[in-house]
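Here is the structure we will look at, set down as structure tokens.
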Amino acid sequence: MSLPSLRLKANADRRLRAGHLWVYSNEVDVTTTPLQGFQAGQQAVLEAANGKPLGIVALSPNNLICARLLSRDAKLPLDKSLLVHRLNVALSLRQRLFEQPCYRLVYGDSDLLPGLVVDRFFDILVVQLASATMEAHKDDVIAALVQVLKPSGILFKNDSSARDAEGLQRYVETVYGEVPDWVPLEENGVRFEAPVREGQKTGWFYDHRMNRARLAPYVKGKRVLDLFSYIGGWGVQAGAFGASEVFCVDASGFALDGVERNAALNGISEKLTCIEGDVFEALRELKAAEERFDVIIADPPAFIKRKKDLKNGEAAYRRLNEQAMRMLTKDGILVSASCSMHLPEDDLHNILLTSARHLDRNLQLLERGGQGPDHPVHPAIAETRYIKSITCRLLPNS
């Protein structure tokens with residue numbers, strides 16, 4: 373297989389040699405290898421300024437990140453063979469970590485498969501292809517997954533905005549076997565069903581698994597409020613861990629149907645109350661009704677999707693956490709989470725402190741958590757670390 377070359381400017385290889393995987397368009401020697409000479413989805417041999425090969429890259433020539441390293445061996449392009457190898461390496465980690473085959477099997481760059489995400493639900497796989505190169509090799513992706521995992525069904529959930537930047541159409545399609553609308557999974561010993569076709573992302577968020585497990589000692593016998601509950605990842609587990617009452621709030625009636633479905637699976641329906649509507653409005657109504665909770669989980673969607681959203685996003689996190697704190701009992705527990713990559717953990721910490729002091733309450737930080745190990749962080753790519761979870765205790769100021 374003869375591949376074209378992509379040549380870097382002098383010294384532009386330093387970051388890559390230090391461990392990074394991305395090439396920016398302003399690092400390319402466009403005189404020698406003009407970017408307009410490539411098509412999205414192509415592979416190329418990446419070369420240092422002196423012509424020495426650095427590996428194989430997947431190309432997105434129209435984007436700021438114009439190439440991503442697939443292999444540091446210039447003889448190993450992306451094909452079925454490399455996919456099988458990478459999948460086996462990823463699988464070996466997940467099998468070591470989890471008793472049940474329910475996890476994120478592939479997490480893009482961190483598993484050296486940029487543009488590919490695979491979530492496993494027992495024998496069902498939900499796949500997201502976010503790059504033109506992965507889309508061009510989708511048949512190899514299917515064949516490799518079948519060879520390594522022998523699934524009963526594979527769903528391509530290719531409806532994310534990430535595809536727009538690659539010039540790719542969005543679609544959702546069963547590409548192998550059969551995939552039902554709701555698929556089973558197990559997390560922390562609790563049973564769920566996830567809506568893989570109509571739900572958010574791949575239908576489930578495995579990233580908070582370890583943080584949800586930490587709920588257990590805090591919720592037993594307690595009254596719990598789960599904000600932005602989706603299909604009950606936090607709330608249903610709180611109920612299964614022994615909470616006396618659980619209130620789940622979400623704007624989506626479809627998501628709350630999933631909460632009820634998952635509560636029934638675990639025999640905790642009588643503990644659970646669903647509230648459909650805007651979370652901030654629901655908090656105001658609950659406060660007006662003088663409701664109080666022992667434990668509140670605030671795990672919103674990303675309020676900061678781009679750096680330019682930072683100021684407004686921080687204000688939204690402050691508003692959410694302060695309103696939640698107003699609903700806590702005198703010795704209450706708040707689990708405050710963020711999936712905004714652009715919000716550093718220390719900034720969330722400061723938002724919590726500022727909110728507590730504004731209410732004249734004392735704050736204790738009890739536990740900090742990140743994404744689970746099936747979402748490994750690439751040490752050179754800060755963008756692969758995005759989940760923050762802080763468990764804190766709110767006490768009277770006396």
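The sequence shown lines up with residues 373 to 770 when you count with this note's numbering. A virtual CB, placed ideally from N, CA and C, is assigned to each residue, including glycine. Here the structure is a predicted model, which means the values were calculated and not measured.
Reference residue i, options the options, closest by Cα
{"i": "I676", "options": "T405, L431, Y758", "result": "Y758"}
{"i": "S527", "options": "L692, Q572, G549", "result": "At residue 527 the sequence reads Leu, which differs from the Ser that was named. Checking every option, the nearest Cα to that of L527 belongs to G549."}
{"i": "V489", "options": "Y543, T574, E657", "result": "T574"}
{"i": "K452", "options": "V518, A674, Q736, G413", "result": "V518"}
{"i": "I514", "options": "S503, A504, V498", "result": "V498"}
{"i": "F470", "options": "D483, M506, G744", "result": "G744"}
{"i": "L637", "options": "E653, G611, M582", "result": "G611"}
{"i": "N383", "options": "L463, E419, E642", "result": "E419"}
{"i": "H457", "options": "Y689, V478, F626", "result": "V478"}
{"i": "A660", "options": "M699, L737, L484", "result": "M699"}
{"i": "S524", "options": "P552, E545, A537, D511", "result": "P552"}
{"i": "A754", "options": "L737, L735, L720, P716", "result": "P716"}
{"i": "T645", "options": "D531, I669, E662, V608", "result": "V608"}
{"i": "A809", "options": "F600, W606, S616", "result": "For residue 809 there is no data in the structure shown, the boundaries of the chain being 373 and 770."}
{"i": "F325", "options": "V596, L682, K424", "result": "One cannot answer for residue 325 here, as it falls past the ends of the chain, which runs 373 to 770."}
{"i": "P748", "options": "P449, D719, V631, R476", "result": "R476"}
{"i": "H721", "options": "A588, D445, E686, T701", "result": "E686"}
{"i": "T403", "options": "R691, V520, P768, L378", "result": "L378"}
{"i": "A421", "options": "Q408, L735, D401", "result": "D401"}
{"i": "L442", "options": "G649, P406, Q414, Q472", "result": "Q414"}
{"i": "V520", "options": "A502, D531, D495", "result": "D495"}
Helix, strand or coil at residue i according to DSSP, with G and I counted as helix
{"i": "S453", "result": "helix"}
{"i": "G391", "result": "coil"}
{"i": "K683", "result": "helix"}
{"i": "P589", "result": "helix"}
{"i": "K760", "result": "strand"}
{"i": "N734", "result": "strand"}
{"i": "E717", "result": "helix"}
{"i": "Y578", "result": "helix"}
{"i": "I640", "result": "coil"}
{"i": "D491", "result": "strand"}
{"i": "E632", "result": "helix"}
{"i": "L378", "result": "strand"}
{"i": "Y689", "result": "helix"}
{"i": "V608", "result": "helix"}
{"i": "S432", "result": "coil"}
Buried or exposed (CB count within 10 angstroms, at least 16 for buried), residue i
{"i": "H727", "result": "Reading the sequence as shown, one finds Ser at residue 727 and not His. With 16 or more other Cβ atoms within 10 Å, it is buried."}
{"i": "R598", "result": "In the sequence on display, residue 598 carries Asp and not Arg. D598 should be labelled buried."}
{"i": "P751", "result": "exposed"}
{"i": "V461", "result": "exposed"}
{"i": "N693", "result": "buried"}
{"i": "Y543", "result": "exposed"}
{"i": "D491", "result": "buried"}
{"i": "R656", "result": "exposed"}
{"i": "P486", "result": "buried"}
{"i": "G391", "result": "exposed"}
{"i": "L628", "result": "buried"}
{"i": "K702", "result": "exposed"}
{"i": "E570", "result": "exposed"}
Residue i - partner residues in DSSP beta bridges
{"i": "V544", "result": "K529"}
{"i": "Y396", "result": "I437"}
{"i": "I705", "result": "V667, R765"}
{"i": "F619", "result": "L597, T645"}
{"i": "P556", "result": "E565"}
{"i": "A462", "result": "Looking at the DSSP assignment, A462 forms no beta bridge with any residue, so it has no partner."}
{"i": "P425", "result": "E419"}
{"i": "S727", "result": "According to DSSP, S727 bridges with nothing at all."}
{"i": "C711", "result": "In the DSSP output, where bridge partners are listed per residue, C711 has none listed."}
{"i": "R535", "result": "BP columns for R535 are empty, so no partner."}
{"i": "L549", "result": "The sequence given here has Gly at residue 549, not Leu. Note: G549 sits in a beta bridge opposite G525."}
heavy atom of the ligand PLP below 7 Å from residue i C-beta
{"i": "Y758", "result": "Here there are no bound small molecules, and the ligand PLP is not part of this structure."}
Chain C within 8 Å of residue i, Cβ atoms only
{"i": "N383", "result": "Included in the structure is just one protein chain, with no chain C present."}
- Task: Decide if the segment 388-401 is in contact with the segment 431-442; the criterion is three or more beta carbon pairs, one per stretch, under 8 Å apart.
- Result: Yes, they touch.
- Message: Quick test of the definition: if touching needs 3 or more C-beta pairs under 8 Å, does the segment 549-565 touch the segment 416-436?
- Response: No, the segment 549-565 is not in contact with the segment 416-436.
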